[in-house]
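See structure below.
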RNA sequence: GCGAACGUGGCGGAAUUGGUAGACGCGCUGGUCUCAGGUGCCAGUGGGUAACACUGUGGGGGUUCGAGUCCCCCCGUUCGCACCA
């Protein structure tokens, strides 16, 4: 007497929804809108694992509930389908990346459909579709026309294994973050986007958004705005955030790449400087900054001296790689007393350390970076850091020796890649070197067919192989392609008018739907994707093409789902059916040897993947959906336990059995019009469940809402009869979580139309109150008993009842009562 | 190294934000239905005890009538950032 037949019910309703186009986006514009968006996936060859649907399930619950609450909901799914894995597979197999991509998309889509997610599939899009990337190219032209795209010969991160350059953000520890392939510096001509021009607005406009705290910080840190001053030490201009410490400036340091190093170095120091620069040149900037913190300082004296503009002392000029060429002016003045890096350097090379801010211990031993009254600083003496900064900047400006300056860590965005499977740039170069845009009416510039997806022998990108395609209007087409970020920078806009081939999006529709009300995805995109998309959006806003300053009003990161992985001594991963626990230790079944366990990200290579299809087949889509949200708070990372799905399935079976006799598959009379409505416990559980689910849709706390629905079903199971009206209210709040079962129940209750657009039930606060209050009784802060009182009992009566309680009495005997505390509706504390 | 978050039963997690710790689920134990059960139902389940007392939210201190919640110190885990002047 198990439960419902999930296989047939899931299939029945998924077909019904398709046939009736239940989730087609509404076209009337009188109702309020709600745009809920998932970060769309890259359709990899591995298919989905149970981690993917966690966020999708959450947004589906929100979308379904919002529909019932009377909103027009835009709920869509698409594919971030340009990218490296398909191209690499193409290189190996010779299959066209588009074929691989289409196949992967079909797999993903089938898996998502099995979960009963309420997407409007008529709006599906893929970034690698020419009908889509036509508009990506069009937006690039907007950027270009606004002077935000330019070409530059710059040192770039080149990855020989991939044959392409990478963005700074994609390189860590001198390796490509995705594959670990080594990356080296090369001078190449690249397309850049002037994101730095938007740095300030990208910081400031964060203020009006509803985003996780950590993500604001990640964005701000990445942009790294700092306010300071440019100061001239003779011909060297330095940037500093501590101009107040200029009196303690005892030397100047140039980045090894700084243009003045050659000019300033004295003949005696020439060899030493040249050797040092060569040594540094071998290491990428990324390496230099990553090893950073504790690495011993290195550097060489140039032999030159400059004058400190405030002390008018001659101080030495050094070159050292702890100063970065690409930040500020590539030169700093060093105040070793009040900067840890300068201090370490000064100690190593015996440079003088002069204290100018009081407050630390011995500055000869340790730098003091805090606030304090200035000393040894002439007209700054006695001032705090901030006051000293203001005063010195004014002083410098008066004398033309410096000025206030704002700097950012953020660099311009390196926007070209030497790959095949990406958007071609809509550009061509004329013989005279001029670069022109392909006219709008000739977009898209479609990817040409080529016979091999590798760079050419002379290092040209793969597109250079398309000999027939290259010539264009007397010039040559650009052979770089855009990075994968490009397509995801604006897909939320294309969803608004996905099939319109006249415009990228309809302006009126954009005004209605934007901004995205709720955007859900992993926090691995907390910096880059969000920064890039916000940047494009602001450019489009400036161009008058969109109506909002920011694209994503509310952002939520779902936590990752982990699963234990097992590795034997040789480092080989084992499936969970190949291991077992003996005496509390995990061993390989076959060899009996111990294995190492680790809670890991799910991935094919770690053999710890759980496939949602298997869960749907065994427990049904609804149980799977419920478990995804019941596991814990949505934002937390948790370990997958398949037994938990069995638990949510049992809950659904219990709900089903309230209505259906599973022996005969007929309705039972427990749920009826005539059931008595005086079951206060059941009614309270119902209203509590409605309340919590309603709140959950707002604050994304689904786990406790599901718990309260379970309480209702447990209560209803105990009851001999359940009023039909109550049961229907319950089924409505259950339906966003378990839509297949809810539709089936709804139909069996005699309804002809889908539950999808039924009005959301309201809860009644009065029904949540209890008939009797159970008041805890403490004596001296320790719980000693409980008394039941009526909700309208007077405080004095309650305290009297508390003191009279059999369990409480012994603790009061022979003691003087010092104080009595009553907390309304909760407890009494008697202090003796 | 810096910053942030967190630390609650065998496990995932609740706790009205200073007011009866452990909701709900998993697991486990016992009973019951069943030819049988990897099903359903009933009961139990922080430790401890025959039962009470007692004890219990990483450890130590503090504020308070009352602390998982607030403050200080320490330990641990996770995640960011990492020479950006």
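Residue numbers (the working numbering): 952 to 1783.
Every residue gets a Cβ at the ideal spot worked out from N, C-alpha and C, and that includes glycine.
Check whether residue i and residue j have beta carbons under 8 angstroms apart
| i | j | result |
| --- | --- | --- |
| residue 1616 | residue 1692 | no |
| residue 1560 | residue 1003 | no |
| residue 1509 | residue 1468 | no |
| residue 1558 | residue 1596 | no |
| residue 1636 | residue 1673 | no |
| residue 1705 | residue 978 | no |
| residue 1784 | residue 1374 | Look at the range of the chain in this structure, 952 to 1783, and you will see that residue 1784 is not part of it. |
| residue 1699 | residue 1618 | yes |
| residue 1099 | residue 1206 | no |
| residue 1370 | residue 1277 | no |
| residue 1027 | residue 969 | no |
| residue 1220 | residue 1192 | no |
| residue 1377 | residue 1388 | yes |
| residue 1513 | residue 1590 | yes |
| residue 1012 | residue 985 | no |
| residue 1428 | residue 1179 | no |
| residue 1506 | residue 1162 | yes |
For residue i, the first and last residue of its enclosing beta strand (DSSP E)
| i | result |
| --- | --- |
| residue 1551 | 1547-1552 |
| residue 1465 | Careful: residue 1465 lies outside any beta strand (DSSP E) and carries neither H nor E. |
| residue 989 | 984-989 |
| residue 1356 | 1353-1358 |
| residue 1180 | 1177-1184 |
| residue 1164 | From DSSP, residue 1164 is part of no beta strand (DSSP E) but of the alpha helix (DSSP H) over 1164-1174. |
| residue 1026 | 1023-1027 |
Endpoints, the alpha helix (DSSP H) within which residue i is located
| i | result |
| --- | --- |
| residue 1563 | 1563-1570 |
| residue 1650 | 1631-1650 |
| residue 1719 | 1716-1719 |
| residue 1295 | 1291-1300 |
| residue 1003 | 1003-1019 |
| residue 1386 | It is not in any alpha helix (DSSP H) - residue 1386 instead sits in the beta strand (DSSP E) that spans 1386-1388. |
Neighbour-count burial assignment, residue i, 16 or more Cβ in a 10 Å radius
| i | result |
| --- | --- |
| residue 1411 | exposed |
| residue 1495 | exposed |
| residue 1061 | exposed |
| residue 1755 | exposed |
| residue 1087 | buried |
| residue 1729 | buried |
| residue 1141 | buried |
| residue 1065 | buried |
| residue 1732 | exposed |
| residue 1130 | exposed |
| residue 1330 | exposed |
| residue 1445 | buried |
| residue 1232 | exposed |
| residue 1768 | exposed |
| residue 1403 | exposed |
| residue 1723 | exposed |
| residue 1096 | exposed |
Where residue i falls: helix, strand or coil (DSSP)
| i | result |
| --- | --- |
| residue 1154 | helix |
| residue 1305 | coil |
| residue 1318 | coil |
| residue 1199 | helix |
| residue 1736 | strand |
| residue 1772 | strand |
| residue 1325 | strand |
| residue 1681 | helix |
| residue 1702 | coil |
| residue 1269 | strand |
| residue 1602 | helix |
| residue 1513 | strand |
Integer-rounded CB distance, given that residue j should sit under 8 angstroms from residue i
| i | j | result |
| --- | --- | --- |
| residue 1442 | residue 1034 | Actually they are not in contact, since the Cβ atoms of residue 1442 and residue 1034 sit about 14 angstroms apart, beyond 8 angstroms. |
| residue 1134 | residue 1127 | 6 angstroms |
| residue 1772 | residue 1726 | That belief does not hold up - the Cβ atoms of residue 1772 and residue 1726 are roughly 12 angstroms apart, past 8 angstroms. |
| residue 1296 | residue 1250 | 6 angstroms |
| residue 1082 | residue 1107 | The pair is not a contact, with the Cβ atoms about 32 angstroms apart (cut-off 8 angstroms). |
| residue 1580 | residue 1653 | 4 angstroms |
Closer than 7 angstroms: residue i CB and nearest the ligand FAD heavy atom
| i | result |
| --- | --- |
| residue 1597 | Among the components modelled here there is no ligand, and therefore nothing to report on the ligand FAD. |
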